[in-house]
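Please read the structure below before turning to the comments.
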Amino acid sequence: MSVRTRTGKAIILALFPLFIASCDGSPLGEGSPFGGGGREVSASALQSAVAEPAARAFYQARQWQAAWDGKNEKQLVEIIGGAMAHGLKPSLFLKEPLPDEPTDREAALTKGALAYASALARGHIDPTKLGVVYTIPRPKADVAAGLAEALEQGNLQDWFESLVPQTDEYRALSEAHLAHVQRTAQARAAPVPEGKALKPGQRDPRLAVIAAALRANGYLPPPAQNAPPPQRYTPEMVAAVRRLQADYGMKPDAVVGPATLGALNSGPAGRARQIAVALERLRWLDRSPPATRIDVNTAATFLEYWRDGRRVDQRRVVVGEPGWETPQLQSPMFQLVANPMWRVPDSILEDELAGASARYLARNGFEWRNGRLVQRSGPKNSLGLVKFDMRNGEHIYLHDTPAKALFAQPDRHKSHGCVRVEGALDFAAVLAGQDGILDDFMEDLRSGDEKYLKLKTEIPVRLLYHTAFWDGARVQFRADPYGWDDNVARALGFERGPDRKPYLHKKGDVAP
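Just add 202 to the spot in the sequence shown (first one is 1) and you have my numbering.
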């Protein structure tokens, strides 16, 4: 199934009229410089005009012969004109009007085609250049060779559509993005002012504005003609707010407080922007990820375990708070540690434990060993009863925790960067059982001492940051706790998002 559905294509054509005529007004392919009988582009002129390595490779493979006749040019302009289905702006790849001079026009078309193909195949942005750690493998694609073959076989449209992730999640996000773009063009809702928390059944002067914002976001149908504004917070509005809250990972209590107001006021434009960022992040990922793996969405704070290509487990996690962000990385889980001791990193020692009394340290199992603060194994240990060791340069791993209550909180960005796993002992038992080492692991646990147990088969772990995602039924949204969406959105040509409130770190949680 193609990402660009018929409905999506209709929306694109309605919202983004395409420039498909030459500068003198004649239709492309009929008297344009690239139509039958038009002016020629010389090989020497083309060699002087083309500088990008991919474009030069493309032309070298075809002995510097021009590629774009009127038919192919028109098709390419239409294809790039549909970039909004992927959360991309056509102007990132083709500037209008195209040059009149034949050689410059030829070069511009090839440059645009290759840039758009690369954006679809592996992302428009290089995530390693955004100022944060990113070590997840990216797709590799020879777009120059692919474009040459597509032109030769006359299947440009199919080739471009084959470059994006062919997954249900990508299709769902693409369709949702187009729907929110359409709502943005139609929306007339004013921002909802701040005020006291609104509860079901109450009166509030903001009710009409709240209802308009719910309609703009697609949670309420249009009002009946001449319908009076709502006087109370009605059951229909309550149900709509609950759906909004569920889509944003909030407690669906229908109370319109600051977080719910923020979601309402982001509007369809904010949602479209957020989905565009999510689509870009999906394009960064390998099209064939390891069939058995663990994926952690650090923005949404949940873990998914995939085995042999099927998702077999999902559970909540606690990840790094702002300032102690969990990085975006991929690394192998290579061993289980039963009854781990915790060697306190200097950064946490200075930030959380510098003023701790000797009594506090003793009561919580801390002691000094060879000049290093260490927490002994046991029920109070900050790593809990099991640690999932990973091999990476950031010293990031998964682990158990004695602070079980954190998993019930809607915002679970509470750690110092490592990932705390809900039901970690059960999860470790599952992994150990599938690896054929369950008896050894249980024996190590019963010993009460720190024991290291190698996995026979290492499991790749990907730490991802996706603030919009598909849960299998609906597109979900989350806040941007680390502020990482902004740099991606800016590089995609979108305006800056709303200002983020400063995060106030509360001392007291000393776990990694």
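Just so it is clear, CB atoms sit at the ideal spot from N, CA and C, and this is done for glycine as well. Here the structure is a predicted model, which means the values were calculated and not measured.
- For D591, the enclosing beta strand (DSSP E) stretches over residues V588 to M592.
- Note that the C-beta distance between V520 and R614 is below 8 Å.
- Approximately 27 Å separates the beta-carbon atoms of Q516 and W544; this is outside 8 Å, ruling out the contact.
- In the three-state reduction of the DSSP assignment, M286 falls in the helix class, which pools H, G and I.
- DSSP, reduced to helix, strand and coil, places W361 within a helical segment of the structure shown.
- Taking the CA atoms as reference points, E308 sits about 24 Å from S364.
- Comparing C-alpha distances from A465 to each of A474, M644 and L446 shows the shortest one belongs to L446.
- Two segments are said to touch when three or more pairs of C-beta atoms, one from each, lie closer than 8 Å; by this definition the segment 686-695 touches the segment 466-479.
- Residue pairing of S376 in beta bridges, as defined by DSSP: absent, with no partner found.
- Excluding its 5 nearest sequence neighbours in each direction, G625 has C-beta neighbours in its own chain below 7 Å: R517, listed in chain order.
- The three-state reading of DSSP puts F629 in helix, counting H, G and I together.
- Inclusion of P454 and A389 in the CB contact set at 8 Å is not warranted, their separation being larger than that value.
- Assigned with DSSP and collapsed to three states, V443 falls in helix.
- Around the beta carbon of W570, fewer than 16 other beta carbons lie within 10 angstroms, which makes this residue exposed.
- Looking from the CA of V546, the closest CA among D687, L666 and A713 belongs to A713.
- Residue environment analysis places V279 among the buried positions, since at least 16 neighbouring C-beta atoms fall within 10 angstroms of its C-beta.
- Approximately 4 Å separates the beta-carbon atoms of P431 and A410; this is inside 8 Å, confirming the contact.
- Annotation for Y507: the continuous beta strand (DSSP E) segment containing it runs F504 to R509.
- Here P255 carries a helix assignment [DSSP, helix/strand/coil].
- Taking W526 as the centre and dropping the five residues before and after it, the same chain places the C-beta of S617, H618 and G619 closer than 8 Å to its C-beta, in chain order.
- Here the segment 532-544 makes contact with the segment 585-594; the two share three or more CB pairs at distances below 8 Å.
- In the structure shown, F260 falls within a helical segment according to DSSP collapsed to helix, strand and coil.
- Taking a 10 Å sphere around the C-beta of H707, we find fewer than 16 other C-beta atoms and assign the residue as exposed.
- Here the alpha carbons of V345 and Y318 stand approximately 10 Å from one another.
- With 16 or more other CB atoms across the displayed protein chains lying within 10 angstroms of its CB, N541 is buried.
- Residue nearest to T659 within the set A670, R509, L647 and L322 is R509 (criterion: CA-CA distance).
- Rounded to the nearest angstrom, the gap between the Cα atoms of R495 and Q427 is 53 Å.
- Beta-bridge pairing by DSSP links Y667 to no other residue.
- Counting other Cβ atoms within 10 Å of its Cβ, Y507 reaches 16 or more and is therefore classed as buried.
- Here the alpha carbon of G420 sits roughly 8 Å from the alpha carbon of R385.
- It is roughly 11 Å from the alpha-carbon of M644 to the alpha-carbon of D628.
- The Cβ atoms of S376 and L481 sit closer than 8 Å to each other.
- Q404 sits close to R434, with the two beta carbons spaced by under 8 Å.
- Counted as a single uninterrupted DSSP element, the alpha helix (DSSP H) harbouring Q476 occupies residues P460 to R485.
- Under the rule that a run must span 3 or more residues, the beta strand (DSSP E) segments found entirely inside the segment 542-602 read 568-571, 574-577 and 588-592.
- Closest option to W486, judged by alpha-carbon separation, among G511, V588, S320 and Q359: S320.
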